[in-house]
Each structure stands twice: as C-alpha cells, then as structure tokens.
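In the numbering used here, the protein residues as written are 7 to 426. Cβ atoms here follow ideal geometry from the backbone N, Cα and C, with glycine treated the same way.
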Amino acid sequence: MNDILPGEVEVWQFVERTARELFGRYGYGEVRTPTVEDTALFVRSVGEETDIVGKEMYTFEDKGGRSLSLRPEGTAPAARAYIEHSIGNQEPLTRWFYMGPMFRYERMKTGRYRQFHQIGAEAYGSKEPAQDVEVMDMVVRLLLKLGLTDVSLNINSLGDEQCRPVYQARLVEHLRGHASELCADCQKRLERNPLRVLDCKNERCQQIANAAPNILESLCEPCRAHFAEVQRKLNALEIKYVVNPRIMRGLDYYTRTTFEFIASHPVLGTASTVGGGGRYDKLVKSLGGPDVPAVGFGLGLDRLCLLLKESGQRFSPSTDLFIAVADEGSADAAFVLASKLRHEGLRVEFDTRGGSLKSQMKRADKTGARFTLVLGQQERESGQAQLKPMAGGDPVPVSLEHIARTLREASSGVSSPSAS
Ligand code: HAM
C-alpha cells in the first residue's frame, strides 16, 4: 500500500481530472460507494473459485458479527447500489463511473499493490454491441488524451448461457487429459469452475491452458453475431484491436464481450494490463435486481500513473511568484500582498519564517518560482516594485496594485496553469 506524496500526486490528479471531464461528455455520472461491503456480495458476483475471492480479499468480522470485505473491485458494489436505489425503475439506461481505492492481497511488485486504485465505468440497460463499443471507445479516448499510445486493445467473447456450457464441456475434456499435471487448486477448479483454470498463474497450468480449445469456435449464432457487430463498430470508429480468445478475465460475472488494454512499456513488467472489462448481462438479476444487461471496465490508475511518469511529461504547476521581504517592517505588508494575489488566482510562495534576504532568495530558487518580488520600505512608499524573472532577463517594473495583470502579461506565451 503506497503513500502518494505531493510531487507525485499531480500525475494522479491529471488522470482523474481528464477522466472526469471525458466521461462527462459521454453522459456518465459519478457514483461513490463504500469501501466495505458484505463479503457475500463479492462471493456471489466475482465468484468463489476466483483468485480474488478465494485468496485475495481482506475479509473481517465487524462488532456485529457480520462478515465484511474491503472491496476488491468496483462492479459488484455499483450493481448493489443500482439495485438498492431501484435505478432501473427510474431510467432505462444508466451510465455511471467511479474512481477510488480497491484492495487485493496480492504479491507486491511494480504495478501490483494491495491497495490500488481503479477508474471504472458501468453502463446498465443496453444489450447492444454499440454499448460495448462505447465503453471501449471511452478508454481509447482517455488513453489518447493522456498521451499513452502504446497500449493495445484485446477483445474476446465468452458466450452466454446457451453456448458457454458447450465450450465448458470441450474444455473439461481437454483438461481431464492433463488432470494429474494441473496444480492442486486447478484440480479442484476442473470440477467446480473449469474456466478459471485458464487464468491460473502456475506455469504448467498455463501451458495446458494454451493448448485448450478456442472459445470463439464454440459461440452460438446470437453470440457470434453480437461479437461480429462489436468488431464492425470498432472498425467504424477506427479503433485498432486484436481478437484474442485467451482474454478470459479473472472474474466470473462476464458474458459475451470481454476486453483488456495491454501496455507494452517494460516499466510495468508482468503487470502490463492497464485495464479490463466486459459485458455482464446476468449479474444484476443474480444479485436480486431486475433483468438488466450491463457492460463496463476498470482501469488501474496506479499503472497508468507509472506509465505517465515514464513519459517525461511535467504535471506540477509552477509557482508564479515568490515574495521576499527586504526589512522587518515590510513583513506584514508582504504577508497581506501574498494572500491578496492568491485570491486573484496566482500561485504565490512566501516564507513565513522571515529570515535574511539571501536565505529567502535561496528558498525562491528551490520553489521554482517564475518571478520574485522583493518588498521593502521603498516599494511600499512608492507603490512600485520589480518582477525579477528567475530564468534570467530584465526585471519588469510593476505597480503593487497591478501585479497579477502585469505578471500574466509578462508570462504570456509561457503557459501558466494558475493563470489559465
Ligand atoms: P480487473 O481486471 O480485475 O477488473 O481489474 C481492472 C484493472 O485494475 C486491471 O487491469 C489492473 O490495471 C488494475 N489492477 C487490478 N489489480 C491490481 C493490483 N493488485 N495492483 C494494481 N492494479 C491492479 C475489474 O476489477 C472489473 N471490475 C472491471 C470491470 C468493470 N468489468 C466490468 N466492469
């Protein structure tokens, strides 16, 4: 679990801000659900035989003897909220997004944490391929806006209640032929939830999974048509993708379309999947809600931020002005001036400890301020001062009344986050 300190948090804020703004354009409203839910919610949705529920949940008993879990993902809590607030009775089509911490007891390595953060979106009420493509398009556009171009979209279809059992039977037949070579967990999965063998991390299990039958060859006609239409619409939006029948996803609730966004940058190592999602047409009903189809995605914010930090972009806004005090009698006036300029929208640094002019200038250097203004008796009496550009160049004379305006003019052409 990581602390995110100033200096780093700006990358996070940039991604969050960009996503909020973009998702709003698609009509998605933000939903905030609690961090803790009944354990049963995840067992019934993500699935008992998944690694997430079987091995990775932070589960505890509260003082009332209830079994609660820190949420390992956002889809089940959102579905619970959708049902609890009878949203389906109020509107036929609902678009939600969320961002926040999730918890999984995983083995820590780069890009894989025990408290991590997701940005996710869920759309309820449309079974149409256009809805699948809308949510994928949102991710594609977000990655583009973030400047992350080296990410590939992999898509698959897991079929529905008609054709999945047919595939499952073929898969079991294949796996039975290798039963004794499977790990102990997968030997159990083979009987209870054979699809989960396909995402086991054990090396031998993976080799056996690689040789398993292709799920796309088992799709029934409606699922095949749905998947073909998803691809046609992706093509219409000129979104590049790879059809990858190995995209099973590690959660049980999916039907039909599944997808993953996989980055190629080495900084992520084996944690290269920056996002995943898919359709889950049966989940809302199985949790006691109406028969409402749904599709959505979750993006790993930690991983996106790791990639962005590698991109060399700068995210911290710079300080516009450092105000230094020339003599003790000017300390109050400088303090008041700093507050007034901040109110006018400037990013202003001021050393509340006072000290020598030399030490204040050192501090000005450290803050990376673009201009410095020294305030002393003379400046106070004349109402005039100098804006000194820290990057070099001639000082700019300024009336103390018009600092904000002059500073904006002096730095026009140089982008200033606080002045924009
Ligand atoms: P997921 O594939 O389990 O899907 O997680 C989505 C993303 O969260 C992953 O692609 C990864 O980037 C990030 N992630 C997962 N675990 C960790 C971790 N331990 N450390 C860092 N990042 C991690 C879901 O959670 C589904 N709820 C997505 C979804 C939404 N499907 C439909 N709607």
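Q. For Ser-75 versus Phe-48, is the C-beta distance shorter than 8 Å?
A. Indexing the sequence shown from 1 puts residue 75 at position 69. Indexing the sequence shown from 1 puts residue 48 at position 42. Here Ser-75 is near Phe-48, since their CB atoms are less than 8 Å apart.
Q: Use the C-beta contact count for Val-249: other C-beta atoms within 10 angstroms, 16 or more gives buried, fewer gives exposed.
A: Within the sequence shown, numbered from 1, the residue matching residue 249 stands at position 243. Residue burial annotation: Val-249 is exposed, with fewer than 16 other C-beta atoms found within 10 angstroms of its C-beta.
Q | Beta-bridge pairing of Val-249 - partner residues as DSSP gives them | A | The residue given as residue 249 occupies position 243 in the sequence shown. Under DSSP, Val-249 shares a beta bridge with Ile-161.
**Q.** Chain-order list of residues whose beta-carbon lies under 8 Å from that of Leu-307 (same chain, five-residue window excluded)
**A.** Against the sequence shown, residue 307 aligns to sequence position 301. For Leu-307, where only same-chain residues beyond five positions count, the Cβ hits under 8 Å are Trp-18, Val-21, Glu-22, Met-105, Phe-122, His-123, Gln-124, Ile-125.
Q) What does DSSP give as the partner residues of Ser-73 in its beta bridges? A) Locating residue 73 in the sequence shown gives position 67, where the first residue counts as 1. In the DSSP output, where bridge partners are listed per residue, Ser-73 has Glu-67.
Q) Just to check, is the beta-carbon of Gly-399 closer than 7 Å to a non-hydrogen atom of the ligand HAM? A) Along the sequence shown, one-based indexing puts residue 399 at 393. Checking the 7 Å criterion, the Cβ of Gly-399 is out of range of every heavy atom belonging to the ligand HAM.
Q | Ala-416, enclosing alpha helix (DSSP H) - first and last residue | A | As a first step, residue 416 must be located in the sequence shown, where it is residue number 410. Residues 409 to 416.
Q.
Following a CB-centred definition, is Asp-68 positioned closer than 7 Å to any heavy atom of the ligand HAM?
A. Against the sequence shown, residue 68 aligns to sequence position 62. No, the Cβ of Asp-68 stays beyond 7 Å of every heavy atom of the ligand HAM.
(Q) Between Leu-225, His-232, Ile-253, which has its C-alpha nearest Cys-206's C-alpha? (A) Within the sequence shown, residue 206 is the residue found at index 200, counting from 1. Answer by Cα proximity: Ile-253.
Q | Three or more C-beta pairs below 8 Å linking the segment 88 to 97 and the segment 61 to 73 | A | Under the Cβ criterion (8 Å, minimum of three pairs), the segment 88 to 97 does not count as touching the segment 61 to 73.
Q.
Excluding the 5 residues flanking Cys-427 on each side, which residues of the same chain have their C-beta closer than 8 Å to its C-beta?
A. With the chain running from 7 to 426 in the structure shown, residue 427 is simply not present.
Q. Along the chain, which unbroken stretches of the alpha helix (DSSP H) at least 4 residues long are found entirely within the segment 253 to 294?
A. Here the runs fully enclosed are 289 to 292.
Q.
Here's the rule: buried if 16 or more other CB atoms are within 10 angstroms of the residue's CB, otherwise exposed. What is Ser-317?
A. As a position in the sequence shown, residue 317 is number 311, starting the count at 1. Counting the other Cβ atoms within 10 Å of the Cβ of Ser-317 gives fewer than 16, which makes it exposed.
**Q.** Candidates Arg-50, Leu-327, Arg-359, of which the one nearest Thr-350 by Cα
**A.** For the purposes of this step, residue 350 is identified with residue 344 of the sequence shown, where counting begins at 1. Here residue 350 is Glu; the residue named in the question, Thr, does not match the sequence. For the residues Arg-50, Leu-327, Arg-359, the minimum Cα distance to Glu-350 belongs to Leu-327.
Q. Do Phe-29 and Leu-159 have their C-beta atoms closer together than 8 Å?
A. Stepping through the sequence shown from its first residue, residue 29 is reached at position 23. Stepping through the sequence shown from its first residue, residue 159 is reached at position 153. Contact flag unset, no.
Q | Contacting residues, own chain, Cβ-Cβ under 7 Å from Ala-344 (five flanking each side not counted) | A | The count along the sequence shown starts at 1 and reaches residue 344 at position 338. Excluding sequence neighbours, Ala-344 sits near Ile-329, Val-354, Phe-356.
Q: State buried or exposed for Val-342, treating a residue as buried only when at least 16 other CB atoms are found within 10 Å of its CB.
A: As a position in the sequence shown, residue 342 is number 336, starting the count at 1. Exposed, because fewer than 16 other Cβ atoms sit within 10 Å of the Cβ of Val-342.
Q: Give the DSSP bridge partners of Leu-327, in chain order.
A: As a working note, residue 327 is residue 321 in the sequence shown. Answer is Val-354, Phe-377.
Q) Would you say Asp-182 touches the ligand HAM, meaning its beta carbon is less than 7 Å from a heavy atom? A) Residue 182 sits at position 176 when you count from the first residue of the sequence shown. Checking the sequence shown, residue 182 turns out to be Arg, not Asp. Outside the cutoff, so no.
Q: Classify Ala-425 as helix, strand or coil using the three-state DSSP reduction.
A: Along the sequence shown, read from residue 1 onward, the residue named residue 425 stands at position 419. Legend: pLDDT at Ala-425 = 33, less than 50; position of this residue unreliable, value from coordinates given subsequently. In the structure shown, Ala-425 adopts coil according to DSSP, grouped into three states.
Q.
Between Tyr-286 and the ligand HAM, is there a pair consisting of the residue's CB and a ligand heavy atom that are separated by less than 7 Å?
A. Position 280 of the sequence shown holds residue 286. Checking the 7 Å criterion, the Cβ of Tyr-286 is within range of a heavy atom belonging to the ligand HAM.
Q) Can you give the Cα-Cα distance for Ser-163 and Glu-14, rounded to whole angstroms? A) The sequence position of residue 163 within the sequence shown is 157, counting from 1. The sequence position of residue 14 within the sequence shown is 8, counting from 1. Each residue's Cα considered, the two are about 38 Å apart.
Q. Does the pairing of the segment 186 to 197 with the segment 29 to 38 give three or more beta-carbon distances under 8 Å?
A. With the cut-off at 8 Å, the segment 186 to 197 and the segment 29 to 38 do not touch.
Q.
Can you confirm whether the segment 275 to 294 touches the segment 45 to 59 when touching is taken to mean that 3 or more C-beta pairs between the two stretches lie within less than 8 Å?
A. A contact between stretches requires three or more CB pairs, one per stretch, nearer than 8 Å, and the segment 45 to 59 meets this requirement with the segment 275 to 294.
Q. Any heavy atom of the ligand HAM within a distance shorter than 7 Å of the CB on Val-280?
A. Translated into positions along the sequence shown, residue 280 becomes position 274. Yes, the beta carbon of Val-280 sits closer than 7 Å to at least one heavy atom of the ligand HAM.
Q: Below 6 Å CB to CB, which residues in the same chain sit around Pro-423 once its five sequence neighbours on both sides are set aside?
A: Position 417 of the sequence shown, counting from 1, holds the residue named residue 423. Only weak support exists for where Pro-423 lies, its pLDDT of 36 falling under 50; the value from the coordinates is given anyway. Residues Pro-323 of the same chain have their beta carbon placed closer than 6 Å to that of Pro-423, with the five preceding and five following residues left out of the count.
Q) Cβ of Arg-359 within 8 Å of Cβ of Thr-325? A) Within the sequence shown, numbered from 1, the residue matching residue 359 stands at position 353. Within the sequence shown, numbered from 1, the residue matching residue 325 stands at position 319. Between Arg-359 and Thr-325, the C-beta spacing is not below 8 Å.
Q. Which residues in the same chain have their Cβ closer than 8 Å to the Cβ of Glu-140, if we skip the five residues on either side of it in sequence?
A. As a position in the sequence shown, residue 140 is number 134, starting the count at 1. Hits under 8 Å: Tyr-32, Ala-129.
Q.
Among Leu-347, Thr-378, Gly-70, whose alpha-carbon lies nearest the alpha-carbon of Arg-411?
A. Numbered from 1 along the sequence shown, position 405 holds the residue referred to as residue 411. For the set Leu-347, Thr-378, Gly-70, the Cα lying nearest the Cα of Arg-411 is the one of Leu-347.
Q | Cα-Cα separation, Asp-297 to Met-7 | A | Within the sequence shown, the letter at position 291 stands for residue 297. Within the sequence shown, the letter at position 1 stands for residue 7. Asp-297 and Met-7: Cα-Cα distance of roughly 38 Å.
Q. Does the pairing of the segment 402 to 411 with the segment 383 to 392 give three or more beta-carbon distances under 8 Å?
A. Taking a cut-off of 8 Å on C-beta distances, the segment 402 to 411 touches the segment 383 to 392, as three or more cross pairs fall below it.
Q. For the putative contact between Leu-161 and Val-236, defined by C-beta atoms under 8 Å, what is the C-beta separation to the nearest angstrom?
A. One-based indexing of the sequence shown puts residue 161 at position 155. One-based indexing of the sequence shown puts residue 236 at position 230. Checking the sequence, you will find Ile at residue 161 rather than Leu. That pair is a contact at about 7 Å.
Q.
By alpha-carbon positions, which one of Ala-370, Asp-191, Lys-115, Met-144 ends up nearest to Lys-61?
A. Along the sequence shown, read from residue 1 onward, the residue named residue 61 stands at position 55. Comparing alpha-carbon positions, the option among Ala-370, Asp-191, Lys-115, Met-144 lying closest to Lys-61 turns out to be Asp-191.
Q) Can Pro-299 and Ser-132 be called in contact, C-beta distance under 8 Å? A) Reading the sequence shown from its first residue, position 293 is the one you call residue 299. Reading the sequence shown from its first residue, position 126 is the one you call residue 132. Yes.
Q | Chain-order list of residues whose beta-carbon lies under 8 Å from that of Ile-10 (same chain, five-residue window excluded) | A | As a position in the sequence shown, residue 10 is number 4, starting the count at 1. Counting only Cβ-Cβ distances below 8 Å, and skipping sequence neighbours, we find Trp-18.
(Q) Using DSSP's beta-bridge definition, name the partner residues of Pro-98. (A) Locating residue 98 in the sequence shown gives position 92, where the first residue counts as 1. According to DSSP, residue pairing for Pro-98 in a beta bridge does not occur.
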